[in-house]
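Heads up: the protein sequence lines correspond to chains A and B, in order.
Residue numbers for the first sequence, in UniProt numbering: 1 to 313.
Residue numbers for the second sequence, in UniProt numbering: 1 to 719.
Ideal placement from N, C-alpha and C gives every residue a C-beta, glycine not left out.
As the structure is a computational prediction, the values presented were derived from the model and not from experiment.
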Amino acid sequence: MTSAQPPAPGRELSNPPTDGISNLRFSNHSDHLLVSSWDKTVRLYDASADSLRGEFMHGGPVLDCCFHDDSSGFSASADNTVRRIVFSHGKEDILGRHDAPVRCIEYSYAAGQVITGSWDKTLKCWDPRGASGQERTLVGTYPQPERVYSLSLVGNRLVVATAGRQVNVYDLRNMSQPEQRRESSLKYQTRCVRCYPNGTGYALSSVEGRVAMEFFDLSEASQAKKYAFKCHRKSEAGRDIVYPVNAIAFHPVYGTFATGGCDGFVNVWDGNNKKRLYQYSKYPTSIAALSFSRDGRLLAVASSYTFEEGEKP
Amino acid sequence: LSYQTNTKLLREAIFKTKQNKTKLFVSFSFSSGIINMSTQRIDPLVQVETTCRALLNELQIIWEEVGETDADRDEMLLELERECVEVYRRKVDQANHSKAHIRQTIADSEAELAAICSAMGERPVHIRQSDQNIGSLKEELRKMLSQVEEMKKRKEERRNHFIDVLDQIEMIINEINGSTESVSSETVVDETDLSLMRLEELHRQLHELLKEKSNRLKQVQDHLNTLNSLCSVMGMDFKLTATEVHPSLGDSEGSRSISNNTLEQLGTEINKLREVKIQRMERLQDLATTMLELWNLMDTPIEEQQKFQNVTCNVAASEHEITEPNTLSDDFINYVEEEVSRLEDLKSSKMKEIILKKRAELKEISTKTHLIPDTQLEDAIEAIDSGVIDAATILEQIELQIAKVKEEAFSRKEILEKVEKWLAACEEESWLEEYNRDENRYNAGRGTHLTLKRAEKARSLVNKLPGRVEALTSKIMAWEEERGTEFLYDGTPVLSMLEDYANLREEKEQERRRLRDQKRLQGQLIAEQEVLYGAKQSPPKPQSAKKGSKQCTGVPSTKKVALGGPMLQAHKLDSVNSPRISQTRSNKKTEFMLQNDAIPASPAFKRGQDIADAPFRKHPSNGINTNEIESPLKTIPTNDPSNNTMTPLKTISSVDEENRKPKAMHSTASVQMQTDITPPPTLQTSLVEETHEEMEQSFEEKRLALMHSDKQIPSMIQV
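In structure tokens, the structure reads:
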């Protein structure tokens, strides 16, 4: 796939995963990049040096990963496990298990907890400092209306997007019940949810080429600001081809954001002024994940088939 | 050499004469021939020869006669010869001297010539020529002298040229520098350098100076022109101004001063005038703007405007665009100023008129809406005249008040109408009371049927009155709560009016009751008296149902009229159309309602209140209709403000939905987000449809389900 296409924008990292990428994330402290993949590995790259720093095998495809600090991270695997990876030792311990594949994982610096969302329709919080053993590390299990598809954190707010177009907003300090229960304002399956860096709301994307910009504040004035817009579409011979929007990433400094879709495009938007700022030239295949580095200087783009059209030869 | 040979020859000749006297002559003639060889004049020589011969002959004769000896003769001859030689020598010396002198002179002249030539920068060609040309010294001298003379003449000429040029240069320089001292008569010319080159140089200098002078003259002329135009625009005396700068500039004839100083002064004068001009122009433009505004404001007729068209056309002109003479003169500006002040006076008087009109309007509205007009503006005109307040602000205030009053009137309208109705009803009530007191009211007469009709109407009105009062009270209370002020009707709070009315009513009721009691007592008294005086005892029946029913029949009883007071009668007549019991109850109810403010809540009151409130309770659902039953506005529902409160929620929500859509989106050029909320496009990709046909599954779920296949999809990461 790579060789046949014209060179895509940006610098391609060497030693990519051998199968589809499920997620990637920049560290909050360096230009290190953690990549989870369907090839059952989590890989740690130094993006500036273009070097593979580590590769950690898992029992099943890894669906999500996140950093703890620069020396360790967490992964969510399709073999139902939540793991903690210590990069220097190449060591992995299992923090705990879900009853179904773990779809997404977040680490909250505010709460010092790992939050995982799974297709077993639960959300679990873990204390990674606890000694090994599931009983010690598990902080709580919170049932969700449907399978968890996407998670996003900002400050003490946690936004959980599930199947059935449900969105739950939690306060990490009081996880007993959602602070807000919402239905997605989009009509189709939620692909990704990401909170604004300023903590006032979240962006939610669907499989039907649309992104909704929502606000936490339920006052009428704030809710009047919410809107949705179409993107990642192609008009061909009168036919509108609509692509799923797989990834959203907010710029940590400017609050602008990038979206990546199955059309292989990465668009950069200014949400306040409702303008598209930039479109990167087309990548060879779907954009699976996006992440800005801590200072916003780098944008990691994972271009890999996201299985939107089923098995491909 | 020739002298020596000559002398030798002479000696030979003299020696020969010693031997042969004849030979002497030959030698003599020979020697004289040598001496006079250069001169070709023969005559004097011949003369001298003949004279000499004759003298020798004479001497020989004398000697012969005397008989001198040969020795004496020889000695005499020798002496003669010696004397001759002496004479010759002297002459030769003399000639030598003169030759040397001539040579000297020639050399001098040559030197002089060379000096002159060098001074004039010419090559002394003549000297070389004279060297080559071998002529006699005298000739040479002559030539030389003539050359020198000529050169001197030329030099003089040249010098004059120089003087001429230098004089001119100096004059111009003086003119430019503005030094008043006259050109010095002695022009010092450098005698050593009178070459053409120098002259040319001086000419160049002169030329340059002339050019500068002409430039300056032009400049001065330009300045003067500018000055002239400025002066003419501002109506000033140009000549005077110019003369002030420099006396020579005043008159157009004669040379003008072109000195630096003059130029500078001219420049500063021009700048000064320009500044003055700009000042005046600004002033004039200000005036013109004011004037235009005033015209605009007061719709001044074109004819009047035409007079000042030349002023107003310059409103936006820049400084150099104003060139028309006298447009900026003091007189003209004063003239314009006068006009502006006239217009301003006119405006202020008109303003006053408007203010008065507005005030009248305000008063009218106030009286119409039974509001107390604000008296604050009464002395506005005096305030304006004394200059304390600006007329415009007053006008603004009045306008504001009018708007406020109008707004208030609008908000009061509904209630006011009710109040008016209520007052009318009250009037009707009092009329009815009066009417009821009239004992002859049923006497047939002219127009009695009309009065009866009126009474009938009034009765029904009075029956409705309590309910109306209740509704009005609650309405006013709601209004007051909303506004936070009292609802005033010609300055008196309506609520207090209503309260008074209620009190009055109660008083009347009490009076009525008192009369009733009195009557009952009277009845008892009569009964007692009858008992006392043996009359047939019968139970007192002051207000039995029977009586009531009897009354219901409408048969008037004169006896009752005699017994009961007018109030009681009125009460009874009130109930003429309804069964007694219900009437009393309704009266009771009315009473409670009227005590609304006066009596603290009692159960009965509460009940009354409940009943009274009922229509208002219903308000949210069909309150408009219940209100409108009594409202004349029913016929014009669009004007009824209360109608708007019931506008369907649907429109509000639709507005809301529109608000959600960002408004700023349409005007920008860059790529816009497509934020329509319309349903998704009809043409979906198969994959989207797919996801909806089956049970909802994310791509990952599907993929995991298919994970058994070994196929691995290559991927890459890009940064």
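A direct Cα-to-Cα measurement between B:N177 and B:G121 gives close to 33 angstroms. Setting aside the 5 residues that flank it on each side, A:D99 is surrounded in the same chain by D120, each with a C-beta closer than 6 angstroms to its C-beta; the list follows chain order.
The alpha carbon of A:L44 has as its nearest neighbour, out of A:L277, A:Y196, A:D69, the alpha carbon of A:D69.
With a contact defined as Cβ atoms closer than 8 angstroms, A:Y170 and A:E179 qualify at about 6 angstroms. Contact annotation for A:Y149 against chain B: S698 [CB-CB distance below 7 angstroms, chain order]. Its chain contains L284, L287, A288, M291, F308, V311 as the residues whose beta carbon lies nearer than 8 angstroms to that of B:V336, once the 5 sequence neighbours on both sides are disregarded; these appear in chain order. Within chain B, no C-beta atom comes nearer than 9 angstroms to that of A:K121; the closest sits roughly 13 angstroms away. Across the structure, A:S293 and A:P145 are spaced so that their CA atoms are roughly 33 angstroms apart. Closest in C-alpha terms to A:A111, from the list A:Q279, A:I21, A:V154, comes A:V154. Contact residues of the segment 93-107 of chain A toward chain B are P101, R103 (C-beta to C-beta distance below 8 angstroms).
Taking the Cα positions, A:F26 is about 59 angstroms away from B:E482. Here the alpha carbons of B:R204 and B:T262 stand approximately 26 angstroms from one another. Distances from the CA of A:N23 to each of A:L13, A:D50, A:V62, A:E12 were compared; the closest alpha carbon is that of A:V62. Restricted to the segment 112-163 of chain A, the alpha helix (DSSP H) segments that are unbroken, complete and at least 4 residues in length are 134-137, listed in chain order. Fully enclosed beta strand (DSSP E) runs of no fewer than 3 residues are not present anywhere in the segment 66-111 of chain B. Residue range 275-279 is occupied by the beta strand (DSSP E) that includes A:K275, with no alpha helix (DSSP H) assigned at that position. In the DSSP annotation of this structure, A:Y254 is not part of any beta strand (DSSP E), being labelled neither H nor E.
Chain B places a beta carbon closer than 9 angstroms to that of A:Y227, counting this residue as a contact. Of the other Cβ atoms in all chains shown, 16 or more fall within 10 Å of the Cβ of B:Q401; this residue is therefore buried. Membership of A:L34 in the beta strand (DSSP E) is indicated by the continuous run 32-37. Taking 9 angstroms as the cut-off, the beta carbon of B:E112 is found closer than this to the beta carbon of B:V148. Contact with chain B is found for A:G164, since one of that chain's Cβ atoms lies less than 9 angstroms from the residue's Cβ. Following the DSSP letters along the chain, one finds B:F699 inside the alpha helix (DSSP H) bounded by residues 699-705. Per DSSP, B:L450 has no beta-bridge partner at all. For the pair B:Q221 and B:I258, the Cα-to-Cα distance works out to about 10 angstroms. Where A:T190 is concerned, the enclosing beta strand (DSSP E) starts and stops at 190-195. Considering only A:Y109, A:V86, A:Y283, A:T81, the residue with the shortest C-alpha distance to A:P101 is A:T81. Burial is judged here by how many other beta carbons sit within 10 angstroms of a residue's own beta carbon; A:F250 has at least 16 and is buried. The beta carbon of A:R25 does not come within 9 angstroms of any beta carbon belonging to chain B, so the residue lies off that interface. Of A:V301, A:N28, A:A224, the smallest CA-CA separation from A:I287 is found for A:V301. DSSP places A:H68 in no alpha helix (DSSP H) but in the uninterrupted beta strand (DSSP E) bounded by 62-69. By the criterion of a C-beta distance shorter than 6 angstroms, B:R256 is surrounded in its chain by V220, S248, L249, once the five residues flanking it on both sides are discounted.
Here the C-alpha atom of B:S474 lies approximately 37 angstroms from the C-alpha atom of A:Q223.
Neighbours of B:R283 in chain A, taken as residues whose beta carbon is under 7 angstroms from its own, are absent, since the nearest beta carbon is some 49 angstroms off.
Of the other Cβ atoms in all chains shown, fewer than 16 fall within 10 Å of the Cβ of B:S430; this residue is therefore exposed. Contact note: A:G264 does not reach chain B at a C-beta cutoff of 8 angstroms; the least C-beta distance is about 12 angstroms.
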